[in-house]
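**Student:**
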Amino acid sequence: MTVAVGMSGGVDSTVTAWLLTRQGHEVVGLTMQIWDGSVALPDEGRSGCYGPGEARDLAFARDAAQRLGIRHVIVPLAEAYNRCVLDPFRDAYRAGRTPNPCVVCNQRMKFGLLLEEARRQGVAFDRFATGHYARTAFDAALGVHRLLRGVDAAKDQSYFLARLTQEQLRQVWFPLGGMTKDEVVRLAQEAGFSDVAAREESQDFIESESYAPLFDAADNRPGPIIDTAGRELGRHRGIVHYTVGQRQGVGVATGGRLYVRELRPETNTVVMGTRAEVLRPGCRVEDVNWIRGNAPPVGSTCRVLLRYHHPGVDAQLQPLANDAWQVSFAEPQFAVAPGQAAVFYDGDEVLGGGWIAGNHDTERI
RNA sequence: GCGCCUAUCGUCUAUCGGUUAGGACAUAGGGUUUUCAUCCCUAGAAGCGGGGUUCGACUCCCCGUAGGCGCG
Numbered sequence: 604m605t606v607a608v609g610m611s612g613g614v615d616s617t618v619t620a621w622l623l624t625r626q627g628h629e630v631v632g633l634t635m636q637i638w639d640g641s642v643a644l645p646d647e648g649r650s651g652c653y654g655p656g657e658a659r660d661l662a663f664a665r666d667a668a669q670r671l672g673i674r675h676v677i678v679p680l681a682e683a684y685n686r687c688v689l690d691p692f693r694d695a696y697r698a699g700r701t702p703n704p705c706v707v708c709n710q711r712m713k714f715g716l717l718l719e720e721a722r723r724q725g726v727a728f729d730r731f732a733t734g735h736y737a738r739t740a741f742d743a744a745l746g747v748h749r750l751l752r753g754v755d756a757a758k759d760q761s762y763f764l765a766r767l768t769q770e771q772l773r774q775v776w777f778p779l780g781g782m783t784k785d786e787v788v789r790l791a792q793e794a795g796f797s798d799v800a801a802r803e804e805s806q807d808f809i810e811s812e813s814y815a816p817l818f819d820a821a822d823n824r825p826g827p828i829i830d831t832a833g834r835e836l837g838r839h840r841g842i843v844h845y846t847v848g849q850r851q852g853v854g855v856a857t858g859g860r861l862y863v864r865e866l867r868p869e870t871n872t873v874v875m876g877t878r879a880e881v882l883r884p885g886c887r888v889e890d891v892n893w894i895r896g897n898a899p900p901v902g903s904t905c906r907v908l909l910r911y912h913h914p915g916v917d918a919q920l921q922p923l924a925n926d927a928w929q930v931s932f933a934e935p936q937f938a939v940a941p942g943q944a945a946v947f948y949d950g951d952e953v954l955g956g957g958w959i960a961g962n963h964d965t966e967r968i
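Letter by letter, the first sequence follows residues 604 to 968 in the numbering used here.
1) Tell me whether the beta-carbon of VAL930 lies closer than 8 Å to the beta-carbon of GLY885.
2) Does the beta-carbon of PHE714 have 16 or more other beta-carbons within 10 angstroms, so that it is buried, or is it exposed?
3) Taking only the alpha-carbon atoms, compute the straight-line gap between PRO645 and LEU689 and give it to the nearest angstrom.
4) If distances are taken between C-alpha atoms only, which option among GLY896, ASP660, ASP890 and ILE829 comes closest to LEU866?
5) Just verifying my parser: in three-state terms, what is the DSSP assignment at ASN892?
6) What are the complete alpha helix (DSSP H) segments, minimum 4 residues, inside the stretch 749 to 785?
7) Run through the DSSP bridge pairs and tell me what PRO679 is partnered with.
8) If you draw a straight line from the alpha carbon of ARG906 to that of ARG670, how long is it in whole angstroms?
9) Given a cut-off of 8 Å on the beta-carbon distance, is the pair VAL953 and LEU909 in contact?
10) Using alpha carbons as the reference points, say which of ALA960, VAL606 and THR619 lies closest to ARG789.
11) Cutting at 6 Å between CB atoms, please list the residues of its own chain near TYR696, excluding the five before and the five after it.
12) Select from VAL946, ALA683 and LEU661 the residue whose C-alpha is nearest the C-alpha of LEU717.
13) Let me confirm a value: GLY957 is counted as buried when at least 16 other C-beta atoms fall within 10 Å, else exposed. Which label applies?
14) Are the stretch 627 to 634 and the stretch 780 to 787 touching by the rule of at least three beta carbon pairs closer than 8 Å?
15) Taking ALA877 as the reference, give the member of GLU889, GLU869, ASN871 and THR857 with the closest Cα.
16) Please name the residue in ASN892, GLY609, TYR911 and PHE796 whose C-alpha comes closest to that of ASP926.
17) Quick check on the DSSP output: the beta strand (DSSP E) that includes THR739 runs from which residue to which?
18) Given this structure, state the Cα-to-Cα distance separating ARG665 from ALA727, to the nearest angstrom.
Now the structure itself:
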């Protein structure tokens, strides 16, 4: 069996490739090349998916492949990354939403165009493996592939994979899904990759402290910061620099903690509220992808994560039109940010995920 | 114009005739983290100006200044 492995040069993907070679598979490493220099990001030695430091990561991946004795292919996808990830990312912020580029990148790039483009270039493989901490399982009775949490609860990355389809899952392997990070690091050392294991790991989105470099002057249009009573508390530096639930960096000092409650692009306004005022009883989730291919029974209960590392909340789902669902939380939730992925779980199983809709049942203040 | 009240970190404030003048918010640094946030830890940061009373004033008194309220 020929297995392609998405290699970033980090310890997880390196161990993944090593495990597969040890199992006797023919392995080929694939690495995306997405940096095109179109954004002014200085090379400060930071590490991230998108930035001038990509050359280092490509070298690390190539080096790891060489030491493993496997073929390594760099797949140029900068144009597609711009179109599929960066542009929608900018559009979302401009519309007052808070995008999750990693979820999109997995759906469209890593488990999509990367494989298409590699095959188009003549790289043949039967399976695609990554170092994600998640598991898949085939339900023979139903004939569907299931997506499950990784065993290492602290590292579980299934949230980021909630938009994968049966077609994608069919050919995917997650060799690290049953392991803990500690075990992976130990394997890396055992396999002679201590240097890789020791390397600082940073999987930031872009090589920058902030997203400001992705936006231009027109996005830095100041506007009012108001409270729920409509009083002006201060001025903001452009709506793209804020997200629902944010407290720091707003610069508004009152007696107590205030959080961004709402972003209003139509009036270029940021609305602040107390913690209690930023609680929501539910939300609408759009464009839901159900992993098994069909929705759970109407009225069923599941656990929903409103962002990565959210502890989750029990919720009831009611279908709306066009793959949208009304989600009612068992307890009001803090900072339900439009644009973030809402991912539904049943125990360890990922049922699916969609996008939190904007201005959901928000009575205007 | 007259009367009354108020004046403390960047902001909102606490306290006391002898204190390292406390807290919260904000800010900065750090931790956590494959998104954005949240959260946690640490740090810097103050007595409007001028007189006086007192062994000693941020605290009490007076003047000034500024703001608020009431009368006009």
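Just so you know, even glycine gets a beta-carbon here, dropped at the ideal spot from N, CA and C.
**Tutor:** Result, derived from the coordinates:
1) Residue mapping note: residue 930 aligns to position 327 of the first sequence, counting from 1. Residue mapping note: residue 885 aligns to position 282 of the first sequence, counting from 1. Closer than 8 Å, so yes.
2) Translated into the one-based positions of the first sequence, residue 714 becomes position 111. So PHE714 ends up on the buried side.
3) One-based indexing of the first sequence puts residue 645 at position 42. One-based indexing of the first sequence puts residue 689 at position 86. Rounded to whole angstroms, PRO645 to LEU689 spans 18 Å at the Cα level.
4) Here residue 866 is taken as the residue at index 263 of the first sequence, counted from 1. Shortest Cα-Cα distance from LEU866 to any of GLY896, ASP660, ASP890 and ILE829 involves ILE829.
5) For the purposes of this step, residue 892 is taken as the residue at position 289 of the first sequence. In this structure, ASN892 counts as strand in the three-state DSSP scheme.
6) Runs found: 769 to 773.
7) In the first sequence, residue 679 corresponds to position 76, counting from 1. According to DSSP, PRO679 bridges with GLN636.
8) By 1-based counting over the first sequence, the position of residue 906 is 303. By 1-based counting over the first sequence, the position of residue 670 is 67. Within the model, the alpha-carbon separation for ARG906 versus ARG670 is close to 43 Å.
9) Within the first sequence, the letter at position 350 stands for residue 953. Within the first sequence, the letter at position 306 stands for residue 909. Contact: no.
10) Translated into positions along the first sequence, residue 789 becomes position 186. Of ALA960, VAL606 and THR619, the residue nearest in Cα terms is THR619.
11) The count along the first sequence starts at 1 and reaches residue 696 at position 93. Around TYR696: VAL843.
12) To locate residue 717, count along the first sequence from 1; it is residue 114. In this structure, ALA683 is the residue among VAL946, ALA683 and LEU661 with its C-alpha nearest to the C-alpha of LEU717.
13) Your numbering for residue 957 matches position 354 in the first sequence. With 16 or more Cβ atoms within 10 Å of its Cβ, GLY957 is classed as buried.
14) In this structure the stretch 627 to 634 does not touch the stretch 780 to 787; the number of beta carbon pairs closer than 8 Å is below three.
15) On the first sequence, residue 877 is found 274 positions in, with the first residue counted as 1. First, the residue type needs correcting, since residue 877 is Thr and not Ala in the sequence shown. For the residues GLU889, GLU869, ASN871 and THR857, the minimum Cα distance to THR877 belongs to THR857.
16) Numbered from its first residue, the first sequence carries residue 926 at position 323. Checking every option, the nearest Cα to that of ASP926 belongs to ASN892.
17) Here residue 739 refers to the residue found at position 136 when the first sequence is read from its first residue. It spans 737 to 742 - the beta strand (DSSP E) in which THR739 sits, taken as one unbroken run.
18) Along the first sequence, one-based indexing puts residue 665 at 62. Along the first sequence, one-based indexing puts residue 727 at 124. In a straight line, the C-alpha of ARG665 is about 19 Å away from that of ALA727.
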